[in-house]
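S.K.: Residue numbers (UniProt numbering): 1 to 997. Positions of the beta carbon are idealized from the N, C-alpha and C atoms, including for glycine. Keep in mind the model is a prediction, meaning the values are calculated, not measured.
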Amino acid sequence: MLLSSTEAIDIAQKSVEGHGLVRLNLESVDSAENRSLNFTMERFLPDITALAASSALCALNNSDKKLPYPYNYSEEYVSRTVGRSYPSHKGCGLEVLLPWCMEHKLCGVRSFLRQDFVLFSLAVLKAMALEITQFLLAAQSPDANIRTQAEASLRQFQEQNLPLFLLSLAVELANNVKPLESRRLAGIVLKNSLDAKDSVRKEHLVQQWMTIEISIKSQIKDSLLRTLGSSASEARHTSAQVIAKVASIEIPRKQWPELIGSLLNNMTQQDSPAALKQATLETLGYVCEVISHQDLVQDEVNSVLTAVVQGMNLAEHSHEVRLAATKALYNALDFAQTNFDNEMERNYIMKVVCETAISKEADIRQAAFECLVSIASTYYEVLEPYMQTLFQLTSNAVKGDEESVALQAIEFWSSICDEEIELQEYGTVEGGDSGSAHSRFIEKALPYLVPLLLDTMLKQEDQDQDDSIWNVSMAGGTCLGLVARTVGDSIVKLVMPFVEGNILKPDWHCREAATYAFGSILEGPSVETLRPLVTNGLDFLLNAMRDENNNVKDTTAWTLSRIFEFLHCPASGFSVISQEKLERIVAVLLESINDAPNVAEKVCGAIYYLAQGYEDAGTSSSHLTQHIPRIISELLKTAERTDGSDFKLRTSAYETLNEVVRSSNVVETSLIILELLKSILHKLGQTLELQIVSSDDREKQGDLQASLCAVIQVIIQKLSSTDETKPSILQAADPIMFLFLRVFACRSSTVHEEAMLAIGALAHASGPEFEKYMPELYKYLEMGLQNFEEYEVCAITVGVIGDICRALEDKVLPYCDGIMNHLVCNLQSAELNRSVKPPIFSCFGDIALAIGEQFSKYIEPTVAMMRSAAEVCAQMDNSDEELMDYGNQLKRSIFEAYSGILQGFKDSKPELMLPHAGHLFQFIELVFREKYRDESVTKAAVAVMGDLADALGPNTKILFKDKAFCVQFLGECLQSEDEHLKETANWTQVMIARVVS
Numbered sequence: 001m002l003l004s005s006t007e008a009i010d011i012a013q014k015s016v017e018g019h020g021l022v023r024l025n026l027e028s029v030d031s032a033e034n035r036s037l038n039f040t041m042e043r044f045l046p047d048i049t050a051l052a053a054s055s056a057l058c059a060l061n062n063s064d065k066k067l068p069y070p071y072n073y074s075e076e077y078v079s080r081t082v083g084r085s086y087p088s089h090k091g092c093g094l095e096v097l098l099p100w101c102m103e104h105k106l107c108g109v110r111s112f113l114r115q116d117f118v119l120f121s122l123a124v125l126k127a128m129a130l131e132i133t134q135f136l137l138a139a140q141s142p143d144a145n146i147r148t149q150a151e152a153s154l155r156q157f158q159e160q161n162l163p164l165f166l167l168s169l170a171v172e173l174a175n176n177v178k179p180l181e182s183r184r185l186a187g188i189v190l191k192n193s194l195d196a197k198d199s200v201r202k203e204h205l206v207q208q209w210m211t212i213e214i215s216i217k218s219q220i221k222d223s224l225l226r227t228l229g230s231s232a233s234e235a236r237h238t239s240a241q242v243i244a245k246v247a248s249i250e251i252p253r254k255q256w257p258e259l260i261g262s263l264l265n266n267m268t269q270q271d272s273p274a275a276l277k278q279a280t281l282e283t284l285g286y287v288c289e290v291i292s293h294q295d296l297v298q299d300e301v302n303s304v305l306t307a308v309v310q311g312m313n314l315a316e317h318s319h320e321v322r323l324a325a326t327k328a329l330y331n332a333l334d335f336a337q338t339n340f341d342n343e344m345e346r347n348y349i350m351k352v353v354c355e356t357a358i359s360k361e362a363d364i365r366q367a368a369f370e371c372l373v374s375i376a377s378t379y380y381e382v383l384e385p386y387m388q389t390l391f392q393l394t395s396n397a398v399k400g401d402e403e404s405v406a407l408q409a410i411e412f413w414s415s416i417c418d419e420e421i422e423l424q425e426y427g428t429v430e431g432g433d434s435g436s437a438h439s440r441f442i443e444k445a446l447p448y449l450v451p452l453l454l455d456t457m458l459k460q461e462d463q464d465q466d467d468s469i470w471n472v473s474m475a476g477g478t479c480l481g482l483v484a485r486t487v488g489d490s491i492v493k494l495v496m497p498f499v500e501g502n503i504l505k506p507d508w509h510c511r512e513a514a515t516y517a518f519g520s521i522l523e524g525p526s527v528e529t530l531r532p533l534v535t536n537g538l539d540f541l542l543n544a545m546r547d548e549n550n551n552v553k554d555t556t557a558w559t560l561s562r563i564f565e566f567l568h569c570p571a572s573g574f575s576v577i578s579q580e581k582l583e584r585i586v587a588v589l590l591e592s593i594n595d596a597p598n599v600a601e602k603v604c605g606a607i608y609y610l611a612q613g614y615e616d617a618g619t620s621s622s623h624l625t626q627h628i629p630r631i632i633s634e635l636l637k638t639a640e641r642t643d644g645s646d647f648k649l650r651t652s653a654y655e656t657l658n659e660v661v662r663s664s665n666v667v668e669t670s671l672i673i674l675e676l677l678k679s680i681l682h683k684l685g686q687t688l689e690l691q692i693v694s695s696d697d698r699e700k701q702g703d704l705q706a707s708l709c710a711v712i713q714v715i716i717q718k719l720s721s722t723d724e725t726k727p728s729i730l731q732a733a734d735p736i737m738f739l740f741l742r743v744f745a746c747r748s749s750t751v752h753e754e755a756m757l758a759i760g761a762l763a764h765a766s767g768p769e770f771e772k773y774m775p776e777l778y779k780y781l782e783m784g785l786q787n788f789e790e791y792e793v794c795a796i797t798v799g800v801i802g803d804i805c806r807a808l809e810d811k812v813l814p815y816c817d818g819i820m821n822h823l824v825c826n827l828q829s830a831e832l833n834r835s836v837k838p839p840i841f842s843c844f845g846d847i848a849l850a851i852g853e854q855f856s857k858y859i860e861p862t863v864a865m866m867r868s869a870a871e872v873c874a875q876m877d878n879s880d881e882e883l884m885d886y887g888n889q890l891k892r893s894i895f896e897a898y899s900g901i902l903q904g905f906k907d908s909k910p911e912l913m914l915p916h917a918g919h920l921f922q923f924i925e926l927v928f929r930e931k932y933r934d935e936s937v938t939k940a941a942v943a944v945m946g947d948l949a950d951a952l953g954p955n956t957k958i959l960f961k962d963k964a965f966c967v968q969f970l971g972e973c974l975q976s977e978d979e980h981l982k983e984t985a986n987w988t989q990v991m992i993a994r995v996v997s
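#1: Would DSSP call SER575 helix, strand or coil?
#2: Is the Cβ-Cβ distance between PRO163 and ILE212 less than 8 Å?
#3: Under the DSSP definition of a beta bridge, which residues are partnered with CYS569?
#4: Comparing the CB of LEU781 with every heavy atom of the ligand PLP, is any distance shorter than 7 Å?
#5: Let me know if GLY784 comes out buried or exposed under the rule of 16 or more other beta-carbons within 10 Å of its beta-carbon.
#6: With a threshold of 16 other CB atoms inside 10 Å of the CB of PHE540, please say whether the residue is buried or exposed.
#7: When DSSP labels each residue in this structure, what does GLU935 get in the three-state scheme?
#8: Is ALA362 helix, strand or coil when you go by DSSP?
#9: Count the C-beta pairs between the segment 196-211 and the segment 137-149 that are closer than 8 Å, then say yes if the count reaches three, no if not.
#10: Express the C-alpha separation of ALA367 and ALA315 in angstroms, rounding to a whole number.
#11: Tell me whether THR642 is buried or exposed, calling it buried when 16 or more other Cβ atoms sit within 10 Å of its Cβ.
#12: How big is the Cα-Cα spacing for ALA557 and ASN313?
#13: Suppose you measure from the CA of GLU159 to the CA of LEU263; what does that come to, to the nearest Å?
#14: Do you know offhand how far LEU677's Cα is from SER707's?
#15: My assumption, with CB atoms under 8 Å, is that CYS417 sits in contact with VAL483. Please give the rounded CB distance.
#16: If you run the structure through DSSP and keep just helix, strand and coil, what is ASN444?
#17: Provide the residue span of the alpha helix (DSSP H) that contains ASP222, from first to last.
#18: Look at the alpha carbon of ASP810 and the alpha carbon of PRO775, and state the distance between them as a whole number of angstroms.
#19: Tell me whether the beta-carbon of SER473 lies closer than 8 Å to the beta-carbon of GLN460.
#20: Contact between the segment 660-674 and the segment 695-709: three or more CB pairs below 8 Å?
#21: In this structure, how does DSSP classify GLN460 when only helix, strand and coil are distinguished?
#22: May I have the straight-line CA-CA distance separating GLN207 from VAL189, to the nearest angstrom?
#23: Count the other CB atoms, across all protein chains shown, that sit within 10 Å of the CB of GLN612; report buried if there are 16 or more and exposed otherwise.
#24: On the premise that TYR791 lies in contact with ASN833, defined as a C-beta separation below 8 Å, what is that separation, rounded to the nearest angstrom?
#25: According to the neighbour-count rule (16 or more other Cβ atoms, all chains shown, within 10 Å of its Cβ), is TYR614 buried or exposed?
#26: So, LEU762 versus ILE819, is the Cβ gap smaller than 8 Å?
#27: From the DSSP output, in three-state form, read off ARG322 for me.
#28: Ignore the nearest five residues each way along the sequence and tell me which others in ASN955's own chain have a CB closer than 7 Å to its CB.
#29: Pop quiz: THR326 and CYS354 are said to be a contact at Cβ under 8 Å. What is the actual Cβ separation, rounded to whole angstroms?
#30: Quick check on SER525: does DSSP put it in helix, strand or coil?
#31: Can you tell which of LEU657, VAL942 and ARG346 has its C-alpha closest to the C-alpha of THR306?
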């Protein structure tokens with residue numbers, strides 16, 4: 001059997017004392033604590049490995065037993081180290097890593113080793129165990145030099161022998177005699193060696209783990225499971241997390257089948273200590289969080305739920321165990337569909353959760369209410385029998401419990417609102433069957449729920465409000481807004497008495513709550529119901545912008561922004577703002593924008609929605625024109641303010657400025673916008689002269705440049721939108737590009753994104769004239785395409801290349817070889833974030849459309865990749881929502897690529913696409929037959945059918961006649977309410993008719 005590090009150290013120490021055979025070696029090991037880990041490995045590990053291999057090989061030569069696993073060390077390595085070579089053998093691998101084991105359970109090989117070698121090996125284990133402890137401690141040293149050296153040594157160990165590194169970490173974590181600090185870091189490093197936020201990095205770590213010998217992985221997992229019984233709570237907690245990481249890799253692959261049983265065994269053994277049960281329940285919760293309900297059979301789900309629910313029992317378990325059990329239930333609820341379908345089991349689970357929600361410990365009550373929130377979202381359709389009890393529980397919690405509990409009680413009703421809003425909009429709740437029952441819980445509870453929520457809005461913090469801090473007042477207002485969206489007009493008569501009764505009170509809490517309540521119900525009720533209330537209250541709100549209390553002004557500005565967002569839309573024929581009122585509104589807002597930063601930020605929001613209402617409003621947009629110079633001036637001043645604690649105000653000011661430009665009447669405001677462009681270009685030039693002495697300075701410069709580049713992009717788009725104003729932007733193109741190219745030299749990813757987007761807009765505006773910028777710009781396009789780490793930059797660069805292709809057409813040809821090479825490499829890369837890959841396929845279509853028949857040299861590799869991507873789409877798991885979204889992007893982009901290539905070859909070499917038409921038809925049919933089909937994918941599929949007929953003509957006659965699904969597909973699209981889809985389907989129908997007639 002495998003010896004732990006502790007056992008190895010003990011044996012080695014006793015052997016030294018008893019025999020004195022390897023004292024010299026042991027002394028050198030003991031003195032090595034201050035040397036590098038590399039020294040230890042280079043000094044001892046090769047000798048051990050080689051001698052172990054030779055011993056195992058000698059054993060094999062004396063044995064007729066055939067062994068099932070390949071030997072992992074090369075003959076050359078053994079020969080080089082020991083001076084002898086042996087024929088390769090087959091074994092489980094443990095005999096090489098741990099040669100002192102008497103017999104291996106996996107393969108049965110005995111290792112015949114001299115006693116002195118056993119002692120020597122154990123001594124080296126002792127050294128390595130001590131070394132990793134020391135380096136884990138040193139990696140947390142306040143001394144940067146010590147810390148850096150230790151981190152480098154750990155990294156070197158990891159790179160040279162990952163399996164042994166991970167095993168050493170697991171043993172360190174499990175060892176109760178080691179310092180807590182080293183065990184903590186061992187757990188963190190082990191966890192980070194198995195998982196990462198970045199999907200590409202995560203997949204790499206998964207593959208690394210999968211390649212490790214089964215025997216080593218088993219030892220790691222055994223160490224982790226043993227750690228659940230540790231006396232150190234932090235080690236137990238970390239081990240629970242690491243076990244879940246391993247489970248997330250192995251359980252979906254049908255590995256580690258004994259895990260759930262092992263954990264459940266901890267719960268059922270009579271003598272299991274409370275700490276072990278607590279850690280086991282925590283582990284079960286984490287495991288349920290990271291795996292799918294499809295990964296467990298129903299018997300396992302039943303056993304997990306039984307253990308968890310029993311763990312919540314007040315009479316039998318400690319506070320820690322009950323808390324862990326309740327949290328575990330939260331993560332296990334997704335697995336309980338079958339159990340919730342069974343009335344008796346559902347009743348029992350609900351009974352236990354409701355009883356737990358009135359526990360004497362606040363953290364357990366909070367966890368129980370979190371379970372109820374999840375149940376409200378997941379099992380809405382079966383809640384009817386429990387709603388009276390649930391209202392009583394949540395009502396009591398909101399009225400008198402601690403804030404953390406009250407917040408979850410409010411969240412329960414917010415979740416019910418979310419479900420009912422979805423039912424009203426789509427006729428089904430997410431993941432439910434079509435026609436799911438709408439129980440109208442909010443409507444039934446309305447007379448009791450609304451007063452409860454209104455009371456919470458009077459519980460504000462006394463200090464100035466911070467939107468980032470979630471409290472009962474904000475939660476109550478948010479829930480009230482969801483209730484308004486759920487029931488519509490019915491809420492108005494319940495809320496307005498509260499508003500009218502509190503809006504004039506001397507206590508600012510009352511005035512702020514009344515304003516907040518009014519603002520919260522502006523989405524949901526009809527315009528007809530709200531119009532008279534808003535018309536009568538608008539002057540009052542404008543006066544309230546001069547309230548003596550900062551919180552009241554903050555909330556009033558937010559309420560005004562809500563009025564402008566939902567009740568001011570001249571383009572749709574309704575607005576509560578008359579031309580006469582507009583003058584006063586603008587005056588008040590421009591006065592209030594000079595208030596405290598939090599108020600000014602909300603005022604920016606109000607101006608944003610005020611301006612947005614005039615977008616595409618025809619002659620009504622002229623009402624805003626006279627105010628635009630003052631608005632722009634004040635927004636620029638606001639963006640320069642330095643009294644805010646962060647950059648939120650500046651960002652809000654520039655975003656609002658963008659919307660003002662976007663919504664303005666371009667003919668009337670073109671001169672104003674040109675002056676703004678000059679100002680912004682000047683500011684951008686100034687940022688390039690800033691003295692940068694720290695990373696903070698660099699970040700500030702980058703944020704400001706990003707905001708300014710975004711404004712330039714909007715101005716370019718606005719001025720290039722009409723023939724009358726387009727020349728003005730073309731005249732400014734040279735200085736704009738000059739500054740953008742200088743901005744790229746700053747190498748800030750954020751700036752790079754915004755500048756790229758603006759360049760795309762300028763290319764669209766300039767058309768073929770943009771060619772003159774390409775020699776200098778091209779190197780930055782290459783840099784963007786190679787920026788895998790900041791993959792958003794790469795994705796935007798791909799999109800901008802599409803813009804440039806559409807602008808330059810065949811003038812882009814000199815750059816296509818380089819661009820195509822990068823795009824193909826990006827598609828093949830496992831390191832690039834997958835979200836960049838769909839835009840690359842779309843870009844293929846843009847390039848083909850631009851250069852026409854010249855794309856022929858790229859056709860084979862391009863179509864091969866498109867076919868491979870189509871096969872990936874066919875095999876995707878549609879139960880994973882994130883994966884399904886990615887699949888939709890991929891399908892749409894493949895169709896767009898085919899459309900661009902077909903249209904590019906249409907007038908010259910359409911026959912090049914004939915060999916690929918059959919596969920394209922198969923892919924279209926695959927999409928047609930999908931149960932849940934994204935509308936954008938449908939549009940792209942229907943469009944490419946028309947492109948096939950249009951580009952290949954009579955050559956596709958047989959294909960279209962053989963594919964009956966095409967008629968069904970078009971018929972479905974022609975019945976759609978989406979006018980654009982119907983228009984596309986009509987065009988496709990005409991193209992096909994030409995071919996088959």
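M.R.: So, to answer that:
#1: SER575: strand per DSSP, three-state reduction.
#2: Yes.
#3: CYS569 is bridged by DSSP to PHE574.
#4: In the structure on display, the ligand PLP does not appear, and there are no ligands present to speak of.
#5: So GLY784 ends up on the buried side.
#6: By the beta-carbon neighbour count (other beta carbons within 10 angstroms, threshold 16), PHE540 is exposed.
#7: Annotated three-state conformation of GLU935 is helix, per DSSP.
#8: Assigned with DSSP and collapsed to three states, ALA362 falls in helix.
#9: Remark: fewer than three beta-carbon pairs, one from each stretch, lie closer than 8 Å, so the segment 196-211 and the segment 137-149 are not flagged as touching.
#10: The alpha-carbon atoms of ALA315 and ALA367 are separated by roughly 18 Å.
#11: THR642 should be labelled exposed.
#12: So the alpha carbons of these two residues sit roughly 50 Å apart.
#13: Cα to Cα, GLU159 sits roughly 32 Å from LEU263.
#14: For LEU677 and SER707, the distance between alpha carbons rounds to 13 Å.
#15: Indeed they touch by this definition, with Cβ atoms about 6 Å apart.
#16: Correcting the residue type first, residue 444 is Lys in the shown sequence and not Asn. Helix.
#17: Element bounds for ASP222: 214-227.
#18: In a straight line, the C-alpha of ASP810 is about 16 Å away from that of PRO775.
#19: Less than 8 Å divides the Cβ of SER473 from the Cβ of GLN460.
#20: No, the segment 660-674 is not in contact with the segment 695-709.
#21: Three-state DSSP puts GLN460 in coil, outside helix and strand.
#22: So the alpha carbons of these two residues sit roughly 17 Å apart.
#23: The residue in question, GLN612, is buried, as its Cβ has 16 or more Cβ neighbours within 10 Å.
#24: With a Cβ gap of about 4 Å, ASN833 and TYR791 count as contacting.
#25: With at least 16 other beta carbons inside 10 angstroms of its own, TYR614 counts as buried.
#26: Taking 8 Å as the Cβ cut-off, LEU762 and ILE819 do not qualify as a contacting pair.
#27: Three-state result, ARG322: helix.
#28: Here the set comprises LEU914.
#29: At roughly 12 Å, the Cβ-Cβ gap does not stay under 8 Å, so THR326 and CYS354 are not in contact.
#30: The identity of residue 525 in the sequence shown is Pro, whereas the question assumes Ser. Coil, per DSSP.
#31: Among LEU657, VAL942 and ARG346, the Cα nearest to that of THR306 belongs to ARG346.
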